[in-house]
Every structure is written in structure tokens, then in C-alpha cells.
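Chemist:
Residue numbers (UniProt numbering): 1 to 275.
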């Protein structure tokens, strides 16, 4: 009975970590929305980079395949979250291509073709392998490599952040949600005894911390404005003035910045100012 109880508790903990990872991954997927709302409004990609979304799409496709029962039985939560992620990343890339200048447009189109070509080759190579263990090892190593690449890709703009002393072009919510998601899937991988999950996500946790550390070197006031301009739903300014102080008392400033930055947006107020 003790053994059964321990096994049940262990299973619940691992699944809880996986569900938490899925929820935080969804936050990661929606966190670039403020950036793309800005791109659509300005009809320009400005100095934003499309590379993180290319890496993220390839990563989602490979990890989706790794999580399928044909490759790795028992980790369907990995497949489910990455199927959703693939749709989000493809949508972001299409928007980026639509508003990019011609050289970047051509470059991004080429990279998109390369992503699907690479994934097609991976599918073919893994399907002709009849040994399930060898297939899992192959796709596992590839998924680990793609995960590390995705986590590291936002670091391309660190030089810009250091040079300009501005974090405007490195979205805070993207960095924060990457860190939290990596931490959750690191725990999930440990509990599932799957090195192909916990090793890359452990690296992602460290890299996420490195990105967040950049914000401590800049004026903290630069983090707060996106809270009022970067979400999905509209909240009237008066209600926002009542709710945000309450959230700050309960959650603290950083969590308020994270959740309200994703959920709320005062499009109405911006429209009034511009009108």
C-alpha cells in the first residue's frame, strides 16, 4: 500500500509539473503579442528580430515529434503544448514576413522553408529507424539541441541592449515566461527521468536568468510601461487604477508586470490620446 501511495503521489507531482509547464508555455507563446501588435500598428518590424520565432518554430515541431507516442510513450503533455506552440510561432513568422523590409522578408522566407525542410528530413530519418530506442535517442538529441538554440536565440540582441542601455527590443515577458516554463519542464523531466527534457530545460532556466539579469542593470522604470500597453484584453483606465494596486499588494511588482502585461491592454486610452 505504501509503495502504491508513493507511486501515485509521484505520478501526480510529475503530471502537475507537466501541466504547469503547459500553462507557462502558453504564457510564453502569447507573450510576444504586444510586439506583434506594435509591428502591425506601425506596419514595420523596426529593429525587432525574427530569429527567435524561427528557432521556436523548429523547436516546437521537433519537440512535438519527440512527445508523440510513436517516439516517446508517456510524455503526451510535451506533444500537446508543442502542437499549440507551432501554430503560434508560424503565425508570428507570417506577420513578421508581411511587415518586414524586402531583404528581411526574403531572409525570413528562406529560413521558414529551411525549417520545414529540416523537419521533413528528421521525420523521414526517424521513420526509417525500426528500433524504438534508437529512434527516441535520435529525436531526443535533436530536440535537446533545438531547445537550447531556442533558449539562446534571444541572446542575439544582448549586444544591442548593452550598447543602448535599453531593453525595449528584448521583450520582458518573453524572457520571464521562458524562465518559468524552463523551470517547470526541468522539474517535469527530472520526475520523468528523461534527460532529453531536463538537461535542455535546465540550460534554459540558466539562460532565462541571464536575460532577466539584464533588466537589473537598467532603470526598473523601463519595465513598467509595457504593463499598460501590451496585453490581450481591454481594461478601462479607471478600473485599472483600482485593480493594479490590489494586485501589487497580493502578488508583488514583478508578478503584476507579468500577468497584467499579458492579460490587459488600454487600447481605449491610446486611441483617445491619438485621436
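We put the beta carbon where it would ideally sit given N, CA and C, even for glycine.
Decide if the stretch 84 to 100 is in contact with the stretch 51 to 67; the criterion is three or more beta carbon pairs, one per stretch, under 8 Å apart.
Modeler: Yes, the stretch 84 to 100 touches the stretch 51 to 67.
Chemist: From this set, 133, 13, 206, 41, which residue's C-alpha is nearest residue 182's C-alpha?
Modeler: The count along the chain shown starts at 1 and reaches residue 182 at position 182. Per the Cα distances, 206.
Chemist: Would you check if the distance between the CB atom of residue 212 and the CB atom of residue 166 is smaller than 9 Å?
Modeler: By 1-based counting over the chain shown, the position of residue 212 is 212. By 1-based counting over the chain shown, the position of residue 166 is 166. It is not a contact, given that the beta carbons lie outside the stated cut-off.
Chemist: Does residue 97 have its Cβ less than 9 Å from a Cβ in chain C?
Modeler: Note that chain C does not occur in the displayed structure, where there is just one protein chain.
Chemist: In the stretch 31 to 97, which residue ranges form an unbroken beta strand (DSSP E) of at least 3 residues, counting only runs that do not cross its ends?
Modeler: Qualifying beta strand (DSSP E) stretches: none in this window.
Chemist: Kindly indicate which three-state DSSP category residue 133 falls into: helix, strand or coil?
Modeler: Here residue 133 refers to the residue found at position 133 of the chain shown. Helix at residue 133.
Chemist: Buried or exposed: residue 48, going by 16 or more other Cβ atoms within 10 Å of its Cβ?
Modeler: Against the chain shown, residue 48 aligns to sequence position 48. Answer is buried; the Cβ neighbour count reaches 16.
Chemist: Could you please give the first and the last residue of the uninterrupted alpha helix (DSSP H) stretch that includes residue 108?
Modeler: Taking the chain shown and counting its residues from 1, the one referred to as residue 108 is at position 108. Note, residue 108: alpha helix (DSSP H), 102 to 127.
Chemist: Find out if the Cβ-Cβ distance for the pair residue 162, residue 209 is shorter than 9 Å.
Modeler: As a first step, residue 162 is located in the chain shown; it is residue number 162 there, counting from the start. As a first step, residue 209 is located in the chain shown; it is residue number 209 there, counting from the start. The answer is no: Cβ separation not under 9 Å.
Chemist: Could you give the DSSP three-state label for residue 144: helix, strand or coil?
Modeler: The count along the chain shown starts at 1 and reaches residue 144 at position 144. It is helical.
Chemist: Buried or exposed, going by whether 16 or more other CB atoms sit within 10 Å of the CB of residue 200?
Modeler: Translated into the one-based positions of the chain shown, residue 200 becomes position 200. Under this definition residue 200 is a buried residue.
Chemist: Quick one: what's got a C-beta closer than 6 Å to residue 74's C-beta in the same chain, skipping five residues either side?
Modeler: For the purposes of this step, residue 74 is taken as the residue at position 74 of the chain shown. Same-chain partners within the cutoff: there are none.
Chemist: Would you kindly work out how many angstroms separate the C-alpha atoms of residue 100 and residue 43, rounded to a whole number?
Modeler: Walking along the chain shown from the start, residue 100 turns up at place 100. Walking along the chain shown from the start, residue 43 turns up at place 43. Each residue's Cα considered, the two are about 8 Å apart.
Chemist: What would DSSP say about residue 166, mapped onto helix, strand or coil?
Modeler: Here residue 166 is taken as the residue at index 166 of the chain shown, counted from 1. If DSSP states are grouped into helix, strand and coil, residue 166 belongs with coil.
Chemist: Excluding five sequence neighbours on each side, which residues of the same chain lie with their C-beta closer than 7 Å to the C-beta of residue 144?
Modeler: Taking the chain shown and counting its residues from 1, the one referred to as residue 144 is at position 144. Taken in chain order, the residues that qualify are 196, 199, 200.
Chemist: Taking the CB atoms as reference points, tell me whether residue 65 and residue 123 lie closer together than 9 Å.
Modeler: For this step, residue 65 is matched to residue 65 along the chain shown. For this step, residue 123 is matched to residue 123 along the chain shown. Taking 9 Å as the Cβ cut-off, residue 65 and residue 123 qualify as a contacting pair.
Chemist: Taking Cβ positions, are residue 191 and residue 63 nearer each other than 9 Å?
Modeler: Your numbering for residue 191 matches position 191 in the chain shown. Your numbering for residue 63 matches position 63 in the chain shown. No, the Cβ-Cβ distance between residue 191 and residue 63 is not below 9 Å.
Chemist: For residue 88, tell me which candidate among 34, 19, 29, 184 has the shortest Cα-Cα distance.
Modeler: Start at 1 with the first residue of the chain shown, and residue 88 comes out as number 88. That would be 29, whose Cα lies nearest to the Cα of residue 88.
Chemist: Could you tell me which of 39, 116, 188, 70 sits nearest to residue 138, measuring between CA atoms?
Modeler: Along the chain shown, read from residue 1 onward, the residue named residue 138 stands at position 138. Of 39, 116, 188, 70, the residue nearest in Cα terms is 70.
Chemist: Determine whether the beta carbon atoms of residue 77 and residue 19 lie at a separation below 9 Å.
Modeler: In the chain shown, residue 77 corresponds to position 77, counting from 1. In the chain shown, residue 19 corresponds to position 19, counting from 1. In contact: residue 77 and residue 19 (Cβ atoms closer than 9 Å).
Chemist: Leaving out the 5 sequence neighbours to the left and right, which residues in its chain are closer than 6 Å to residue 16 when beta-carbon positions are compared?
Modeler: What you label residue 16 is simply residue 16 of the chain shown in a count that begins at 1. Nothing meets the Cβ criterion.
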